[in-house]
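A.B. asks: In the numbering used here, the protein residues as written are 2 to 363. Cβ atoms here follow ideal geometry from the backbone N, Cα and C, with glycine treated the same way.
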Ligand code: KG4
Ligand code: ZN
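Here it is in structure tokens:
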């Protein structure tokens, strides 16, 4: 793999500003999982970004697909109306409609898919079909006051509830997958651990919160041995399960008495697995800018470790604000702007895609 990487034009730095000479107005809609979101972007600036999260799933310990699609149907009109109102624009000013085509839950994706198609026909504007994982990465290209954006190429680690990927981002529409998870995603490792601890879904943010008062060295969990730059988290999940079963046999109150330390220890293991891979990818590619994306990049220990890695390797670190880490439509909008720039327009016949690969696997 290293030979292939060395042949890449690693320092073909292109300014993001050149992509957005126009102030094109786009409406973006996201409904791939359990958040209904709509955003209005003008060029790479976000005028509004409304997210309606579905609370209904917490009682079930995970997202229930049928309930998710019904909730999206209820929320989509008010969420889009609010996004337009907050942006202070009329829908007739829109120049394109972007939506998440996949990957995600089919019934959920269908809601934004059909809504975006109807709106684009009604307004007579182009449709833009966005890949959810690419959008997580391109959230880094949103203009933020007082913050710089990474230039291409940069390395991005995308860590969400369904995916864990290490991506070499050569340009907005050209990405190489350096590594990905062979089983569970990093977010699943957090959520499944939380479930074992009796915490509601999604458990990632709760583990983060309890871990703040815990000792990350108190309990030891082994890290997986995986070739190349791929990841594996299912062994850790099983390790936590057996550990808890053993400890609960000795003391039925073990979890409640040690919750903070368990959370801190599991969290630090997940963070170490991710940071080790990012360090290896930097050594291999020699790319000098690293970025985090996806819901798990909201994790405070991961953000801290990422900044420390940047200092250790003397590279620039980019971590999105919390609102652009978890699922949101602003990231769909910026990805849509890049598609429009490349004249890659969607089709009314496009079906949503529960699974959808992107980029090249190195
Ligand atoms: O990207 P995202 O919002 O949705 C997907 O596309 O999957 O990611 C959701 C995932 C969930 O697994 C959630 O538990 C995790 O991100 N997450 C966190 C934190 N905030 C969200 N995991 C750990 N610590 C957090 N602070
Ligand atoms: Zn996501």
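Helix, strand or coil for residue 349, going by three-state DSSP, please let me know.
C.D. replies: On the chain shown, residue 349 is found 348 positions in, with the first residue counted as 1. Residue state, collapsed to three classes: coil.
A.B. asks: Heavy atom of ligand 1 less than 7 Å from the Cβ of residue 208, yes or no?
C.D. replies: The count along the chain shown starts at 1 and reaches residue 208 at position 207. Correct: residue 208 has its Cβ closer than 7 Å to ligand 1.
A.B. asks: If you draw a straight line from the C-alpha of residue 329 to the C-alpha of residue 243, how long is it?
C.D. replies: As a first step, residue 329 is located in the chain shown; it is residue number 328 there, counting from the start. As a first step, residue 243 is located in the chain shown; it is residue number 242 there, counting from the start. Residue 329 and residue 243: Cα-Cα distance of roughly 36 Å.
A.B. asks: How is residue 319 classed by DSSP in three states: helix, strand or coil?
C.D. replies: What you label residue 319 is simply residue 318 of the chain shown in a count that begins at 1. Residue 319 falls in the strand class under three-state DSSP.
A.B. asks: Could you check what DSSP says for residue 97 in three-state terms: helix, strand or coil?
C.D. replies: Sequence index remark: in the chain shown, residue 97 carries index 96 (1-based). Note: residue 97 maps to strand in three-state DSSP.
A.B. asks: Could you check what DSSP says for residue 16 in three-state terms: helix, strand or coil?
C.D. replies: On the chain shown, position 15 is the one that residue 16 refers to. Residue confidence is low: residue 16 scores 40 on pLDDT, short of 50, so the model does not pin down where it sits. No coordinate-derived value is stated.
A.B. asks: Can you have a look at residue 26 and say buried or exposed, based on whether 16 or more other CB atoms are within 10 angstroms of its CB?
C.D. replies: Here residue 26 refers to the residue found at position 25 when the chain shown is read from its first residue. Counting other Cβ atoms within 10 Å of its Cβ, residue 26 reaches 16 or more and is therefore classed as buried.
A.B. asks: For a test of the three-state rule: what should DSSP assign to residue 222, helix, strand or coil?
C.D. replies: As a position in the chain shown, residue 222 is number 221, starting the count at 1. Of the three classes helix, strand and coil, the one that applies to residue 222 here is coil, per DSSP.
A.B. asks: Shortest alpha-carbon distance to residue 263 belongs to which of 231, 36, 191?
C.D. replies: For the purposes of this step, residue 263 is identified with residue 262 of the chain shown, where counting begins at 1. When only C-alpha atoms are compared, the closest one is 191.
A.B. asks: Near residue 184, which residues of its chain fall below 6 Å by C-beta distance, leaving aside the five closest residues on each side in sequence?
C.D. replies: Start at 1 with the first residue of the chain shown, and residue 184 comes out as number 183. Hits under 6 Å: 233, 235.
A.B. asks: I need the straight-line Cα distance from residue 99 to residue 188, nearest angstrom please.
C.D. replies: Against the chain shown, residue 99 aligns to sequence position 98. Against the chain shown, residue 188 aligns to sequence position 187. Approximately 26 Å between the Cα atoms of the pair.
A.B. asks: Just confirm the distance between the C-beta atoms of residue 302 and residue 269, as a whole number of angstroms; I'd bet it's less than 8 Å.
C.D. replies: What you label residue 302 is simply residue 301 of the chain shown in a count that begins at 1. What you label residue 269 is simply residue 268 of the chain shown in a count that begins at 1. About 7 Å separates the two Cβ atoms, so the contact holds.
A.B. asks: By the DSSP assignment, the beta strand (DSSP E) with residue 142 in it spans what residues?
C.D. replies: As a first step, residue 142 must be located in the chain shown, where it is residue number 141. Where residue 142 is concerned, there is no enclosing beta strand (DSSP E), given that its DSSP letter is neither H nor E.
A.B. asks: Helix or strand or just coil, what does DSSP make of residue 361?
C.D. replies: For the purposes of this step, residue 361 is taken as residue 360 along the chain shown, with counting starting at 1. Here residue 361 sits in strand by DSSP.
A.B. asks: Between residue 224 and the rest of its own chain, which residues show a CB-CB distance below 6 Å, the 5 nearest in sequence each way excluded?
C.D. replies: For the purposes of this step, residue 224 is identified with residue 223 of the chain shown, where counting begins at 1. 274.
A.B. asks: For residue 149 and residue 88, I'd like the C-alpha separation in whole angstroms.
C.D. replies: Within the chain shown, residue 149 is the residue found at index 148, counting from 1. Within the chain shown, residue 88 is the residue found at index 87, counting from 1. Cα-Cα distance, rounded: 23 Å.
A.B. asks: With DSSP as the reference, identify every bridge partner of residue 158, one or two as the case may be.
C.D. replies: What you label residue 158 is simply residue 157 of the chain shown in a count that begins at 1. Paired residues: 167, 293.
A.B. asks: How should residue 35 be labelled, buried or exposed, when 16 other C-beta atoms within 10 angstroms of its C-beta is the threshold for buried?
C.D. replies: Translated into the one-based positions of the chain shown, residue 35 becomes position 34. Counting Cβ neighbours within 10 Å, residue 35 comes out buried, since at least 16 surround it.
A.B. asks: Compute the minimum distance between the beta carbon of residue 38 and the heavy atoms of ligand 4, and state whether it is under 7 Å.
C.D. replies: Although ligand 4 was asked about, the structure shown includes only ligand 1 and ligand 2 as ligands.
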